[in-house]
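For reference, the structure is listed below as structure tokens.
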Amino acid sequence: MSQRKLSRAGLLLWMCVMNRCLDTGRTAAAATSSTLSITHCECEIKPRKITCYWKTNDHHLNHSSYRVQVNITHCDSYTPVDDRTILGVCNTSGPPCAVELISLYQCFYADVLASTPTGSIRSLPYYFKGLNSVKLPPPEINLKPSERRSGCLQVDWRTKESVIEERDHLRLQMEYTTHDQTRSKTIQANSETLELCDLHPGSKYTVRLRAQDSRAHTHWSLWTSIDTTTEEKAPSAAPRLWRLIQPAEEPGKRRLTLLWKPISWPEVNGVVLSYSASCHSELDSWTCGPLNASRSFCVLAVSADPCNCRLTATNSVGTSPPAHIYIPAHTDAEELLPPQTFNVTPLDDTRLKVDWTALNQSENGFVLQWSSVPRNGPAGLHWEPMNETARSFTLTGLLPEVPYNLSLVSLYERRAGRDMSVIAFTREGAPSVGPKTKVLKTSSGGVVLKWEPVPIEELHGFIQHYTVLYSINGKTEEVRADVEQISLSGLTAGTYNICVTAHTAAGGATGPWQMVAVGLEDVQVIPILLCALLLGFLILIIPLCLRVRIKQCLCPTVPDPSKSSLSVWSNTNPFQQHKLTSTMSSIISISQATSYQCYGEKDYVPVQVFPYHTVRLEDNETNGPSTGTYLDPKPTPTQASPTHLLNQSYAKPEQVLPAGYKEHSSTDLLLDSLVSSKMNQVDLSSYIHVSQSYVPFVTTVDAYRTLELGECSHFLQVLPEDTSI
Numbered sequence: 107m108s109q110r111k112l113s114r115a116g117l118l119l120w121m122c123v124m125n126r127c128l129d130t131g132r133t134a135a136a137a138t139s140s141t142l143s144i145t146h147c148e149c150e151i152k153p154r155k156i157t158c159y160w161k162t163n164d165h166h167l168n169h170s171s172y173r174v175q176v177n178i179t180h181c182d183s184y185t186p187v188d189d190r191t192i193l194g195v196c197n198t199s200g201p202p203c204a205v206e207l208i209s210l211y212q213c214f215y216a217d218v219l220a221s222t223p224t225g226s227i228r229s230l231p232y233y234f235k236g237l238n239s240v241k242l243p244p245p246e247i248n249l250k251p252s253e254r255r256s257g258c259l260q261v262d263w264r265t266k267e268s269v270i271e272e273r274d275h276l277r278l279q280m281e282y283t284t285h286d287q288t289r290s291k292t293i294q295a296n297s298e299t300l301e302l303c304d305l306h307p308g309s310k311y312t313v314r315l316r317a318q319d320s321r322a323h324t325h326w327s328l329w330t331s332i333d334t335t336t337e338e339k340a341p342s343a344a345p346r347l348w349r350l351i352q353p354a355e356e357p358g359k360r361r362l363t364l365l366w367k368p369i370s371w372p373e374v375n376g377v378v379l380s381y382s383a384s385c386h387s388e389l390d391s392w393t394c395g396p397l398n399a400s401r402s403f404c405v406l407a408v409s410a411d412p413c414n415c416r417l418t419a420t421n422s423v424g425t426s427p428p429a430h431i432y433i434p435a436h437t438d439a440e441e442l443l444p445p446q447t448f449n450v451t452p453l454d455d456t457r458l459k460v461d462w463t464a465l466n467q468s469e470n471g472f473v474l475q476w477s478s479v480p481r482n483g484p485a486g487l488h489w490e491p492m493n494e495t496a497r498s499f500t501l502t503g504l505l506p507e508v509p510y511n512l513s514l515v516s517l518y519e520r521r522a523g524r525d526m527s528v529i530a531f532t533r534e535g536a537p538s539v540g541p542k543t544k545v546l547k548t549s550s551g552g553v554v555l556k557w558e559p560v561p562i563e564e565l566h567g568f569i570q571h572y573t574v575l576y577s578i579n580g581k582t583e584e585v586r587a588d589v590e591q592i593s594l595s596g597l598t599a600g601t602y603n604i605c606v607t608a609h610t611a612a613g614g615a616t617g618p619w620q621m622v623a624v625g626l627e628d629v630q631v632i633p634i635l636l637c638a639l640l641l642g643f644l645i646l647i648i649p650l651c652l653r654v655r656i657k658q659c660l661c662p663t664v665p666d667p668s669k670s671s672l673s674v675w676s677n678t679n680p681f682q683q684h685k686l687t688s689t690m691s692s693i694i695s696i697s698q699a700t701s702y703q704c705y706g707e708k709d710y711v712p713v714q715v716f717p718y719h720t721v722r723l724e725d726n727e728t729n730g731p732s733t734g735t736y737l738d739p740k741p742t743p744t745q746a747s748p749t750h751l752l753n754q755s756y757a758k759p760e761q762v763l764p765a766g767y768k769e770h771s772s773t774d775l776l777l778d779s780l781v782s783s784k785m786n787q788v789d790l791s792s793y794i795h796v797s798q799s800y801v802p803f804v805t806t807v808d809a810y811r812t813l814e815l816g817e818c819s820h821f822l823q824v825l826p827e828d829t830s831i
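Using my numbering, the first residue of the sequence shown is number 107, and each one after it goes up by one.
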């Protein structure tokens, strides 16, 4: 009895285990089928094939190999026709996969088998009909202007081959896009000609067309695209015009910059080729044009009188209506008010949001202007006109750490009011350079500093404060200042290094250090050192350059009297003395006349002293020896040389005769003194000195001018070469 109970209990246990295993297998099979499934299959006509697509939820299956099998079934029961119902099999590493198509008028089922390292997984069968899964080929299209209606396009289309017999099942979808505006429509293909109307003139359109069998509503053919441009017309709107008024260099003139924006689409009706701008007052007119279509501004030098300006745009068909703007007189005292408030808020690194509040309801509009600092000419000024209801605007395409000057102007009919301006950054940064420090004053215990503000284009942000750093003997202190000048007091004597740091919200930059002496007689060390070095350099270089002249001034050349021919004297008899006196008188007279004659031709006369010899004479009357002096007419070899004559000194004669001189007198002072010596031995050095100073008779004016050798050669020929007395 107990054995029966045990066998029965074992059988029940085995049945429970088998049921549980079967349930687990069915659950696993259902999960496996959900991870791999076919999404759709398409029946293409050209080329004829069936293409199936599938998906998987298990990423491990992405690296598997797949086998797709397509079978022919009965369309009513989706059961295989016979054992030879396999239409085709393809192997691939991923979707899609295609097999050859025989006929569209059949039904099919397909499945995909994935092979993985752990085993194979098969998807559930996918059933479909051929006509309900057909994908038509893209149609061929041709565009041309419509012959029946102006401003329309005629679209001619056709399929590459007849895919279906029933034309009622063929549908077409057409899209045409211009300037980011797309319109689409789906029509029944009753004919092979379509028309597109309500198109904008002078606009480029992209036309696309695709086909579908209405029985396969989920399958469209590929797109066929073609571009075309409609015919142009004259612009139907005027350009948007603005102005910038600045003072001109010429008196009585103003620098007027006209700025404009291109005509917006679709009013432009084509491609603008040129612009023409002009201004006129009651007395004069100014023209700027025609200008290339790429230009967006024009600069005119107009008078201070009020004037009206106009601007037109021209394309290949015609000219747009003119845009007008009024320029008030320079002396117009009436000023219209700006907006009440004007706020700028950074949004990110490239955007700024501008908000404002209108003063009253009389504004006809607003103009927002912005440019980077510094502005790069008229082309760097951006502006945007807005209507009277606008109260905010967002600027885009800006750069971080770049200052922008924004201004808002209110428009009152034909007039523009005063602008309200602010400086703003999308994102602030640290300055690129620091302030340059300048010492205004130093004292025994303090110093006054002033620094130049950093240029705004190098600030990259708004200045929060300045920090003054100064140190001596390695110690530093910081002094905060909100101004551009500060006085440091209570300093001990010494040399300080001082600099200033400019701080923004993002960081700071330090300027150059400067050395300042405090308590040293209120003077700076560096300028003194530089001056001392410069003075020492001049003291060394000037004597070196002028060493020749200094030597001539300090050590002039002094003649040596011992080398003179007058140092030798000889005794002469009375007869020789008398003959000497006569000869000397004639020589000196001739030399004087010759000298004056030479002075008339040249400014310089050579001074030549003839040698004298003292000889002893026998006086019969006095019964004693006597001495006499006679002139040696024969010059020494050095005196006879032309080189020696050129080396003699010359004196320039004056234009008047010296006092006490008589031109007709033939008596020479030196000869008179010689005759009156009574034949005594005398020292003639004083007479020689007198004769040397007496010969020129004039005062030297220019010591550098010399007499040419030969101009007074007759003076050298007064005495014969060999004269005996």
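For glycine and all other residues, C-beta sits at the position ideal for the given N, C-alpha and C. Keep in mind that this is a model prediction, so the values were computed, not measured.
Secondary structure remark: continuous beta strand (DSSP E) runs of at least 3 residues inside the stretch 168-213, in chain order: 171-179, 192-198, 203-206. Closest in alpha carbon position to S252, among D455, E246, V176, D304, is D304.
DSSP, reduced to helix, strand and coil, places N482 outside both helices and strands of the structure shown, so it counts as coil. Taking a contact as a CB-CB distance under 8 Å, the pair A354 and A407 counts as one, their CB atoms being some 5 Å apart. Annotation: I592 to R349 spans about 44 Å, alpha carbon to alpha carbon. Here the alpha carbons of G642 and C659 stand approximately 23 Å from one another.
Separation of P559 and F448 (C-alpha to C-alpha, rounded to the nearest whole angstrom) is 26 Å. Burial is judged here by how many other beta carbons sit within 10 angstroms of a residue's own beta carbon; K241 has at least 16 and is buried. For K547, the enclosing beta strand (DSSP E) covers residues 543-548. Between the stretch 208-220 and the stretch 139-159 there are three or more C-beta pairs closer than 8 Å, enough to call the two in contact. Around the C-beta of G483, fewer than 16 other C-beta atoms lie within 10 Å, and the residue is accordingly described as exposed. Cα atoms of H325 and S170: separation of roughly 28 Å, rounded to the nearest angstrom. Y510 counts as buried, since at least 16 other C-beta atoms from the protein chains shown sit within 10 angstroms of its C-beta. Contact annotation: K556 and P618 have beta-carbon atoms that are not nearer than 8 Å.
Close CB contacts of A485 within its chain, under the 8 Å cut and outside five residues either way in sequence, are with S402, F403 (chain order).
The alpha helix (DSSP H) runs lying completely inside the stretch 294-366 and spanning 4 residues or more number zero. Here D461 is not near T532, since their CB atoms are 8 Å or more apart. When rounded, the separation of the alpha-carbon atoms in L193 and K155 is 11 Å. Rounded to whole angstroms, the separation of the alpha carbons of S577 and V624 is 12 Å. The three-state secondary structure of K241, taken from DSSP, is strand. With fewer than three CB-CB distances shorter than 8 Å, the stretch 465-481 does not count as touching the stretch 419-435.
Around S309, the same chain offers T284, H285, T335, T336, W371, P372 as residues with beta carbons nearer than 8 Å, after the five sequence neighbours per side are excluded.
About 27 Å separates the CB atoms of S409 and S380; that is not less than 8 Å, and the two are not in contact.
Going by beta carbons, Y232 and P201 fall outside the 8 Å limit. Collapsing the DSSP output to three states places H275 in a helix.
Closest in C-alpha terms to E490, from the list P480, T502, R481, V479, comes T502. Annotated three-state conformation of E507 is coil, per DSSP.
Using a 10 angstroms sphere on the CB of E150, the tally of other CB atoms reaches 16 or more, which defines it as buried. Taking C-beta atoms as the reference points, L565 and V554 fail to come closer than 8 Å.
Here DSSP, grouped into helix, strand and coil, assigns L644 to helix. Taking the CA atoms as reference points, G471 sits about 33 Å from P357.
With fewer than 16 neighbouring CB atoms inside 10 Å of its own CB, P480 falls in the exposed class. Under the DSSP assignment, R653 falls in the alpha helix (DSSP H) whose first and last residues are 653-660. Note on H180: under 16 other CB atoms within 10 angstroms of its CB, so exposed under the neighbour-count rule. Residue nearest to S516 within the set T191, T598, N466, C394 is N466 (criterion: CA-CA distance).
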